[in-house]
Amino acid sequence: MSDHEVIVIGGGISGLMSAMTLSKHEKEVLVLEKSSRIGGNCNSYDVEGFQVDTGVHAISHLLVGPMRRIMDLYFDYVPVFMDLGPYYIRTHRGLTKVPSNLREFAFFDVLPKKDRILLSQTITIAFTQSTLGTNLKNQSVYNFIPKGLSQDSLDFIDALCYSLSGRSMKETSVHRILTGSSFMRDSVPENFWEDEVVDTSYKALLTDHFSMSQLKGHLSVLSRLANNEIGMSQKYPRKGLKAILNSVLYSMSDKVKITTSCKATSIITDNGTVKGVVTENGTYTADMIVYTGFVKDLPSLVTDLGQSYVQDLKDIVQTHSMTIWLGLDTKMSELNYIGSEIWFKPRAYWAMPISNYDQELAPPGKQLVGFTFIVDESVPLVEDKKRMYK
Ligand SMILES: Cc1cc2nc3c(=O)[nH]c(=O)nc-3n(C[C@H](O)[C@H](O)[C@H](O)COP(=O)(O)OP(=O)(O)OC[C@H]3O[C@@H](n4cnc5c(N)ncnc54)[C@H](O)[C@@H]3O)c2cc1C
1 MSDHEVIVIG
11 GGISGLMSAM
21 TLSKHEKEVL
31 VLEKSSRIGG
41 NCNSYDVEGF
51 QVDTGVHAIS
61 HLLVGPMRRI
71 MDLYFDYVPV
81 FMDLGPYYIR
91 THRGLTKVPS
101 NLREFAFFDV
111 LPKKDRILLS
121 QTITIAFTQS
131 TLGTNLKNQS
141 VYNFIPKGLS
151 QDSLDFIDAL
161 CYSLSGRSMK
171 ETSVHRILTG
181 SSFMRDSVPE
191 NFWEDEVVDT
201 SYKALLTDHF
211 SMSQLKGHLS
221 VLSRLANNEI
231 GMSQKYPRKG
241 LKAILNSVLY
251 SMSDKVKITT
261 SCKATSIITD
271 NGTVKGVVTE
281 NGTYTADMIV
291 YTGFVKDLPS
301 LVTDLGQSYV
311 QDLKDIVQTH
321 SMTIWLGLDT
331 KMSELNYIGS
341 EIWFKPRAYW
351 AMPISNYDQE
361 LAPPGKQLVG
371 FTFIVDESVP
381 LVEDKKRMYK
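Read in my numbering, the sequence shown has 77 at position 77, and its numbers run on one by one without any break.
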């Protein structure tokens, strides 16, 4: 008989939500967390009276995504989510809203008119193809956009890619842009595509595979070209990121035990079946093991993973980001808005006056602003930090 029904490796938000969910199905769960704190990347910390999150966050897919489903089914306490507000571009004229749909795109005079026309056509093609079943996950944004765009437009597209995937437009898929901008809502019910074998040619799909009702459904999805709203399913939790962590902890049943400062060093298997976890503090046996650490580290814990899976893991590219939080003694009128701004010159970064969502995140009269940068791996970090502070 095992020591535990389930061991969850990792006490970040995924591990804790897994433990909470399993405990509500009467499972007895042990969570092993290597650091001295739980929460991983989903937490907030007090710094001289300011409450800073682990990076600037916009919680997405809150309408019908997995997070929504788990909250509805298992949370006893649900965080209060506030509208994220628009994304802006700051120019010498002030703030301009990042366009969400073709109509707004037509008036987005931050970019030259010719580029806007070309890009409107590109967005229409990409969204139509994707809606009708063409897989754009392996299609890079760089290869998809028209040639001859101005440098401003290329920098703008690059900045959007960095803010969504952490990578340049050469390494970001068209699918990622469509889902990140709410055009494609990849959180549709799981069975959405199930009954269709999808072809890469949507012309073939139209004639051979679609029923009229499906076609009507797709056409109604296509109306998003006219009325899409980028931030429609994105929110910020009142009282900061730790409000999500606290909701999970308050919803946890007493069938969950959490052990911190306990690093799992290997997962014991026998003929492909998990048996237990070796840690720096001892060995625990279990009938089920849920691993929520960084997936690239998994082969160092389990020896008998399939070859092709191990190869897939090696191909995952990791991006490092850095957030600088500024605690301002007085509020800046330039930052008097709800939302965030994307800068695309000289390199992409993202800024968010976070205390505008909730004044309690900063001492009275003060303001908290987060600036998130993608670390440039081609230069030493000390050099790159100078660029970020500047
Ligand atoms: C700067 C930044 C901005 C982000 N912005 C957004 C956003 O805007 N919207 C959004 O939805 N998401 C955002 N995210 C992502 C979100 O924060 C993460 O997806 C989420 O917090 C990941 O949770 P996790 O539990 O999967 O992983 P982690 O938070 O990484 O937790 C994994 C835990 O496992 C522990 N662990 C690992 N290995 C072991 C081991 N061998 N033994 C024991 N413990 C182990 C780690 O210590 C850690 O606590 C952002 C993340 C960052 C860093």
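Ideal placement from N, C-alpha and C gives every residue a C-beta, glycine not left out.
Here the structure is a predicted model, which means the values were calculated and not measured.
Contact check, residue i vs residue j, beta carbons under 8 Å
i: methionine 82; j: tyrosine 357; result: yes
i: glutamine 234; j: serine 60; result: yes
i: aspartate 53; j: glycine 240; result: yes
i: isoleucine 354; j: cysteine 42; result: no
i: glutamate 171; j: serine 140; result: yes
i: leucine 335; j: glutamine 367; result: yes
i: glycine 65; j: glycine 39; result: no
i: serine 173; j: lysine 137; result: yes
i: glycine 276; j: alanine 286; result: yes
i: leucine 361; j: phenylalanine 75; result: no
i: isoleucine 7; j: tyrosine 309; result: no
i: glutamate 280; j: lysine 263; result: yes
i: valine 110; j: isoleucine 125; result: no
i: isoleucine 324; j: isoleucine 9; result: no
i: arginine 238; j: valine 369; result: no
i: aspartate 155; j: lysine 345; result: yes
i: threonine 330; j: valine 302; result: no
i: leucine 298; j: leucine 313; result: yes
i: leucine 132; j: serine 120; result: no
i: serine 23; j: serine 253; result: yes
i: leucine 222; j: threonine 122; result: no
Among the options, the one whose alpha carbon lies nearest that of residue i
i: isoleucine 117; options: Leu136, Leu249 and Ile145; result: Ile145
i: tryptophan 350; options: Leu149, Phe50 and Val375; result: Val375
i: threonine 259; options: Glu360, Met17 and Ser35; result: Ser35
i: tyrosine 77; options: Tyr142, Asn246, Glu229 and Gly327; result: Asn246
i: leucine 160; options: Ser150, Ser181 and Asn143; result: Ser181
i: isoleucine 230; options: Asp46, Gly55, Leu63 and Ser23; result: Leu63
i: aspartate 315; options: Ser321, Asp46, Lys296 and Ser378; result: Lys296
i: isoleucine 157; options: Phe183, Val98 and Met71; result: Val98
i: tyrosine 45; options: Thr330, Asn101, Leu16 and Lys242; result: Lys242
i: lysine 255; options: Ala19, Ile9, Met67 and Ser14; result: Ala19
i: phenylalanine 371; options: Ser321, Pro364 and Leu111; result: Ser321
i: methionine 401; options: Asp115, His4, Asp312 and Tyr236; result: Limits of the chain in this structure are 1 at one end and 390 at the other, which puts residue 401 out of reach.
i: asparagine 135; options: His175, Val8, Pro363 and Glu341; result: His175
i: methionine 388; options: Trp343, Pro363 and Ser120; result: Trp343
i: arginine 37; options: Thr269, Leu313 and Ser261; result: Ser261
i: leucine 95; options: Lys385, Ser333, Thr292 and Asp312; result: Ser333
i: threonine 21; options: Gly365, Leu381 and Val248; result: Val248
i: lysine 27; options: Glu5, Ser223, Phe373 and Gly15; result: Glu5
i: leucine 32; options: Ala348, Gln311, Thr265 and Ser300; result: Thr265
i: leucine 16; options: Ser2, Met71 and Thr179; result: Met71
i: arginine 93; options: Phe294, Phe108 and Ser2; result: Phe108
First through last residue of the alpha helix (DSSP H) which encompasses residue i
i: glycine 339; result: It is not in any alpha helix (DSSP H) - glycine 339 carries neither H nor E in the DSSP assignment.
i: glutamine 151; result: 151 to 165
i: histidine 175; result: 174 to 180
i: glutamine 307; result: 307 to 314
i: methionine 17; result: 13 to 24
i: valine 248; result: 242 to 251
i: arginine 224; result: 224 to 227
Residue i - containing beta strand (DSSP E), residue span
i: phenylalanine 144; result: It is not in any beta strand (DSSP E) - phenylalanine 144 instead sits in the alpha helix (DSSP H) that spans 141 to 144.
i: leucine 276; result: Per the sequence shown, residue 276 should be read as glycine rather than leucine. Where glycine 276 is concerned, the enclosing beta strand (DSSP E) stretches over 273 to 279.
i: methionine 288; result: 282 to 291
i: glutamate 5; result: 4 to 9
i: serine 266; result: 264 to 270
i: valine 237; result: Sequence check: residue 237 is proline here, not valine. Element bounds for proline 237: 235 to 237.
i: isoleucine 258; result: 256 to 259
Contact test: residue i Cβ vs ligand 2 heavy atom, cutoff 7 Å
i: leucine 249; result: In the structure shown, ligand 2 is absent; the only ligands present are ligand 1.
Any chain B beta carbon closer than 8 Å to residue i
i: asparagine 228; result: Note that chain B does not occur in the displayed structure, where there is just one protein chain.
key: Completely contained alpha helix (DSSP H) runs for the region 30 to 75, where each covers 4 or more residues   = 66 to 74
message = Restricting to runs no shorter than 4 residues, where is the alpha helix (DSSP H) found entirely within the region 69 to 127?
response = 102 to 106
message = As an exercise, report each continuous beta strand (DSSP E) stretch of at least 3 residues that is fully enclosed by the region 329 to 384, in chain order.
response = 340 to 343, 349 to 352 and 367 to 374
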